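Inspection log for the structure reproduced underneath, given as structure tokens.
Protein chains: 4
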Amino acid sequence: MTTYSDDVLGRARVTDNADLHAYYDKLARLDAGALWTIANKIEPWFPQPESVPVKWSYQELRPLVLEALRLVSGDDAGRRVVALYNPRRRDIAATVGLLYSGLQIMGPGESMTAHRHQAAALRFVLEGTGAWTIVDGQKLKVGPRDFAITPNWTWHEHGNEGDDGPVIWQDGLDIPLVNAFDAGFYEVHPDVYQKQEGITNSSLHVYGAGQLRPFGDTWHKNHSPLLAYPWEPTYEALLNAAEATDGSPYDGIIMEYSNPLTGGSVMPTMSAHMQLLRPGESTLAHRQVGSKIYTAAKGSGTSVVAGQRIDWTEGDIFCVPSWAWHEHANASRSDDACLFSFNDFPVMRALGFFREEAYPDNDGHQPVG
Amino acid sequence: MTTYSDDVLGRARVTDNADLHAYYDKLARLDAGALWTIANKIEPWFPQPESVPVKWSYQELRPLVLEALRLVSGDDAGRRVVALYNPRRRDIAATVGLLYSGLQIMGPGESMTAHRHQAAALRFVLEGTGAWTIVDGQKLKVGPRDFAITPNWTWHEHGNEGDDGPVIWQDGLDIPLVNAFDAGFYEVHPDVYQKQEGITNSSLHVYGAGQLRPFGDTWHKNHSPLLAYPWEPTYEALLNAAEATDGSPYDGIIMEYSNPLTGGSVMPTMSAHMQLLRPGESTLAHRQVGSKIYTAAKGSGTSVVAGQRIDWTEGDIFCVPSWAWHEHANASRSDDACLFSFNDFPVMRALGFFREEAYPDNDGHQPVG
Amino acid sequence: MTTYSDDVLGRARVTDNADLHAYYDKLARLDAGALWTIANKIEPWFPQPESVPVKWSYQELRPLVLEALRLVSGDDAGRRVVALYNPRRRDIAATVGLLYSGLQIMGPGESMTAHRHQAAALRFVLEGTGAWTIVDGQKLKVGPRDFAITPNWTWHEHGNEGDDGPVIWQDGLDIPLVNAFDAGFYEVHPDVYQKQEGITNSSLHVYGAGQLRPFGDTWHKNHSPLLAYPWEPTYEALLNAAEATDGSPYDGIIMEYSNPLTGGSVMPTMSAHMQLLRPGESTLAHRQVGSKIYTAAKGSGTSVVAGQRIDWTEGDIFCVPSWAWHEHANASRSDDACLFSFNDFPVMRALGFFREEAYPDNDGHQPVG
Amino acid sequence: MTTYSDDVLGRARVTDNADLHAYYDKLARLDAGALWTIANKIEPWFPQPESVPVKWSYQELRPLVLEALRLVSGDDAGRRVVALYNPRRRDIAATVGLLYSGLQIMGPGESMTAHRHQAAALRFVLEGTGAWTIVDGQKLKVGPRDFAITPNWTWHEHGNEGDDGPVIWQDGLDIPLVNAFDAGFYEVHPDVYQKQEGITNSSLHVYGAGQLRPFGDTWHKNHSPLLAYPWEPTYEALLNAAEATDGSPYDGIIMEYSNPLTGGSVMPTMSAHMQLLRPGESTLAHRQVGSKIYTAAKGSGTSVVAGQRIDWTEGDIFCVPSWAWHEHANASRSDDACLFSFNDFPVMRALGFFREEAYPDNDGHQPVG
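Protein chains in written order, with UniProt numbering: chain A, 1 to 369; chain B, 1 to 369; chain C, 1 to 369; chain D, 1 to 369.
Set out below in structure tokens:
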């Protein structure tokens, strides 16, 4: 049985002395060091994320997001976004792990300029009816609870063509991940704005019936050709699945937004899910290698993350660090509740890092600290 | 430039003589032969299918199909099916190439016994509202123009629970293909009938929103977990695509029924399509390596296959042999027309045999003989 | 438990009568038929190959192969080949299943013209030291027991640049398979002969250390870029494996010639193996869905195929039809014996047809009839 | 054309003021921030690695590595390794990017205890003839210039069974990468030492002829079943390839150690190469997204990395940060030179980050600063 003491044979347990310190100095002068002085730290018994569970209250943040409308112009800000930072990850602008999220606001009639970057982006709309985005020439209209993607290196620009109020959507990007690999590139569009090609929502028209694919299609990129996933059919799919299956004991009814041409994740670095907690449902705790960011999409409830209770209602965002236990409960006995989430699981799987396990004690529920 | 004469250097062109005939006799006694005597025949310049274009008129066949109801019981027939034979392929029961098709009829209240076989099957419903099938325990209800699959070696049984008339559906199977490879197996169900598991149409509930996949799903078989593809969303998908794309010059708006978990064909040996010809649309001729069987699903029109004119209306079936030129026209200037088809293209692709080309002359249309 | 009688519920068992015969006549006039009259035949309980086990004795055939040198010129024959026919498969020129094999002879100094065809080819050299082939511009020299491939649609031509005698090699092609799918194409080379590009055996130089691949390589074809697999390293690999593993109880030490860039079969329709039977080794019987053609490459022994004893020595060829039991024994107690074989297993796997099972009785050995 | 100024429309260019500072304070209290204050930093125009080119001289480091033999015991150190640190990456123990490397020493007769960890490891032997490693029960003997892998979560232990001197090998691990994803796990072996299974170097016996794979093999792990790649056949493969190809203008003759069952990289997070610079050869400069660590395996030469000249001779190690220009030259006009290297390219490809480009100016050579 594994013991978690570092004072065992098989762990580094050198007692330092003057000779060794002199030795370490000599090594340091050659851009070197003694591995045993840090081995236990860099090869921990299990993941030791610096990220902690955090909840961002939409009720608290929304006024500040609205305030940004007045304080900075879209053209000056590039994007008018309130970023969500994990306390000890501010240096790399991470919300949790190597993922970033923020709340973007666009006033009625506003539009942002076009650019592209190596980082991949996704959007989850929180409020407002006028949101649009143009991704590689394709214009998409998105409304509340819709999910959309801006795959890496696609030209994109956004705007709000409504006249009834601002749009606020949640951005999710893999910026810290891209930077961790020294892989970031950025370009502004040579014409500042793209021209729309084809009809609005064209990928929904062509790929929106996922089990029917255009014959002769030559799509070969590493992301989904379907760029938006509206709320209504997503919710209907969850209700349908709830009639036929019991779902997951850890997640209720949970579906992954997928690339209809491969069945894989929508982009190679991030995947997204929508899950439904039935009235009165509370799930069992489990944990996975990988980082996740949740958004309360419908209803209200409580999650317990690493022993910390998080109450949520629509618009609230919270994160689950890698290998942190988590479980969810719908607060209502009459209405269902939905959680949107995105994660870096495609990376964990591609690199062979993914693991998951169920909470073994206490009937599957964590004690709440 | 290729010339199609066999009297060229590079083709077999041995002049037989008495010595050679004596030699051939000696070879024959050792289960051998001289390749040059048949080389040009077995390595033709281009495909030389024995299959020919055939149309089966639903108006003509339907009375005979109905007559079978009276002539044989389902239990005695195993399946009460009128098979469609290509004239020179009767010996292997092929409709075209290595594909088989037939019209199956079940009277109100009838049910067939359960079995499984190495051959894969698909169904396209022509008439009747009471049809059901149970595939590996999953009960599916299917109606007119619905498409369903019975992948190889799945237990299956069918019936008609309506009381308003018989069900007639079209079967498509790869029986000749399986037999060509000496790969056929067959079993009757040990309990004669299966027990239904879960709710009716459960795969539609779980996998029917193709771009949303159940998270944690462990499906790993080589066929689609989605076993039925109803007509309404299929037709809607075609109409949606027609708004966003011009479609194919050879096929109009054409979609392939797909495995939502892979984007691939529904089964490894056969794929199926539904295509929509817009009012007044006539397509250009092309040809492909692979065999196809078409069914007029909606409206009426005319196809030209290998220079032969085929007029079709709902329920008619016709075939296109490998490498035969074909083109389609909707007969109506006001209504759209739809053709269902299935083919062996997945095999052609897996084996590296697939080719296609456009008809080069006459503005892309064949002369009609 | 499956019973193999057709007189059971679940099989077709209609008793014909005058009414039915009249009905069948009406169907026949519409290119149709009653499925139940042939259902049991086309959906057998288990594979019913028309191919039978056959042995072709090299000692018997070799004089006839040599005789062809005198009887026909290479240019007239196209290829000077004695084809091996399964008795009931002469109509499709098959050696077993949908595979073809033959013995090709080229005299000293001879060369054949260049062509290409949809059928894929492989070669196994039986005798002679001067053999060469040019495949898509790449010249390869092959000697006894070497294995080489001519993937489909590659330009190829062969010759014998030795002066010490003829070359005889075994050809293996998928001609009947290609024809079964109406997929055959053929072209003679526009210049009659190819020009050699690069050095001789260049693919061996570049890809011949299979676990080292050229960085930046852009090979994307569906066949191996390595076109020849010499005997010496193959035999050494078998000896090496024999030191580390027990091998297969059915095949001794058996290796599959592979595409080093994918680990898959050398071509999509055919795979080839070399197996080593240790001194005194006799294997257990098993059977597989798929057709195989064996060549005694080294030593002598006995195989039992479908209960039929086949004694073999170097150069002998024999076939194993699909689902036929087979087992092998090395006749020597002091020397090892090697069997080369090729098969259509890649197709069986791609289409989901592959099965195998061990002979269950009699300590795993068939009774010999 | 892209300009690299941040003072353009499309970049963040907000002028801060008192109101904004008050706003930023309010955001900070809610674990949030204004994206525009850091957007340009976290989305750079092109990669901005903190890693710099570094050379570690074997002549300088070797005495210190030897000194460790005396200073610490293997059992206390866990592993007796001098780690190589990039100056600004000491905090995460990285040699370059998210890769780690170090020099491990084992005295004659020493053996280390067994453990496993999520990080993957590779070894390149610099000196000593007695090195062995046991990986998941398989014992491997490795000598100078041999390459071996210890895939993630495999049990492993090492030792030196020679009596003629210490073994020094280079370790390469993805520890910083694993930690960046909070994915690290570690276990000591329950029995402290493994038992050897099978013969020494068994994977070399079974998989060492990469284009011949054991038939019926069921390997399904995400790393190569071949655990060691000896120097002699690797060098011979390079010489063979040099006869048939011109190689790469940027790398000379370069081969990637591959998984013989897939043709892919040996492990999902790291790949390794051996390249040969012909006598007098100097390559052109290029750059790639991804981090690389080179070791001079044979001969001597000069590389230019990001404009910095690095002279190397056998045993020297140097690194190339992501997107840094680099080119190589063999110092000898009579002997060839070889560079071993490993990198994180498999990750770059899996995540869609890989790019490369040639140095456009100055005939393809960097100015040396």
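We put the CB at the ideal spot given by N, CA and C, even for glycine. As the structure is a computational prediction, the values presented were derived from the model and not from experiment.
Do we get a CB-CB distance below 9 Å when we pair residue i with the residues of chain B?
{"i": "serine 282 of chain C", "result": "no"}
{"i": "tryptophan 36 of chain C", "result": "yes"}
{"i": "aspartate 19 of chain A", "result": "no"}
{"i": "glutamine 194 of chain C", "result": "no"}
{"i": "asparagine 152 of chain C", "result": "yes"}
{"i": "glycine 102 of chain C", "result": "yes"}
{"i": "glutamate 60 of chain C", "result": "yes"}
{"i": "serine 322 of chain C", "result": "yes"}
At a Cβ threshold of 9 Å, is residue i touching chain A?
{"i": "glycine 307 of chain D", "result": "no"}
Check whether the Cβ of residue i lies closer than 9 Å to any Cβ atom in chain D.
{"i": "glycine 263 of chain C", "result": "yes"}
{"i": "glycine 172 of chain C", "result": "no"}
{"i": "tyrosine 359 of chain A", "result": "no"}
{"i": "lysine 298 of chain A", "result": "no"}
{"i": "threonine 269 of chain A", "result": "yes"}
{"i": "residue 375 of chain A", "result": "For residue 375 of chain A there is no data in the structure shown, the boundaries of chain A being 1 and 369."}
Could you please give me the residues that DSSP links to residue i through a beta bridge?
{"i": "tryptophan 132 of chain A", "result": "A:Lys141 and A:Gly159"}
{"i": "leucine 103 of chain D", "result": "D:Val82 and D:Gln170"}
{"i": "residue 373 of chain D", "result": "Summary: the structure shown does not reach residue 373 of chain D, with chain D confined to residues 1 through 369, and so no result is reported for it."}
{"i": "threonine 313 of chain A", "result": "A:Ser300"}
{"i": "lysine 55 of chain B", "result": "B:Phe318"}
{"i": "isoleucine 199 of chain D", "result": "Isoleucine 199 of chain D is not bridged to any residue."}
Taking 9 Å as the CB-CB limit, is residue i close to chain C?
{"i": "aspartate 7 of chain B", "result": "no"}
{"i": "methionine 112 of chain D", "result": "no"}
{"i": "asparagine 222 of chain D", "result": "no"}
{"i": "histidine 273 of chain D", "result": "yes"}
Closer than 8 Å: is that where the CB of residue i sits relative to any heavy atom of the ligand ZN?
{"i": "aspartate 163 of chain D", "result": "By its list of ligands, the structure shown contains no ligand whatsoever, and the ligand ZN lies outside what it can speak to."}
Mark residue i as exposed unless 16 or more other C-beta atoms lie within 10 angstroms of its C-beta, in which case mark it buried.
{"i": "aspartate 344 of chain D", "result": "buried"}
{"i": "alanine 18 of chain C", "result": "exposed"}
{"i": "valine 65 of chain A", "result": "buried"}
{"i": "isoleucine 199 of chain D", "result": "exposed"}
{"i": "aspartate 363 of chain C", "result": "exposed"}
{"i": "arginine 287 of chain C", "result": "buried"}
{"i": "histidine 220 of chain B", "result": "exposed"}
{"i": "serine 73 of chain C", "result": "exposed"}
{"i": "proline 367 of chain D", "result": "exposed"}
{"i": "alanine 358 of chain A", "result": "exposed"}
With a CB to CB cut of under 7 Å and the five nearest residues on each side skipped, what residues in its chain are close to residue i?
{"i": "threonine 95 of chain B", "result": "Leu84, Tyr85, Asn86, Ser101, Ile293 and Cys319"}
Looking only at its chain, what residues have a beta carbon closer than 6 Å to the beta carbon of residue i, apart from the 5 residues adjacent to it on each side?
{"i": "serine 300 of chain A", "result": "Thr313 and Ala331"}
{"i": "glycine 315 of chain B", "result": "Tyr58 and Leu126"}
{"i": "serine 282 of chain B", "result": "Ala329"}
{"i": "valine 135 of chain A", "result": "Thr150, Thr154, His156 and Leu227"}
Once you ignore the five residues that flank residue i on each side, which residues in its own chain have a CB closer than 8 Å to its CB?
{"i": "alanine 39 of chain A", "result": "Arg11 and Ala12"}
{"i": "histidine 16 of chain B", "result": "Note on identity: in this sequence residue 16 of chain B is aspartate, with histidine being the wrong assignment. If we look at aspartate 16 of chain B and ignore the five residues flanking it on each side, its Cβ neighbours are Thr37."}
- request: Could you list the residues in the segment 70-93 of chain D with a C-beta less than 8 Å from some C-beta on chain A, going in chain order?
  value: Leu71, Val72, Asp75, Asp76, Ala77, Gly78, Arg79, Arg80, Val81, Val82, Ala83, Leu84, Tyr85, Asn86, Pro87, Arg90, Ile92 and Ala93
Chain-ordered residues of the segment 332-353 of chain A with a beta carbon less than 8 Å from chain B: Along the segment 332-353 of chain A, there is no position whose C-beta sits under 8 Å from a C-beta of chain B.
message: Closer than 7 Å between beta carbons: that is the criterion. Which residues of the segment 182-206 of chain C meet it against chain D?
response: Gly198, Ile199, Ser202, His205 and Val206
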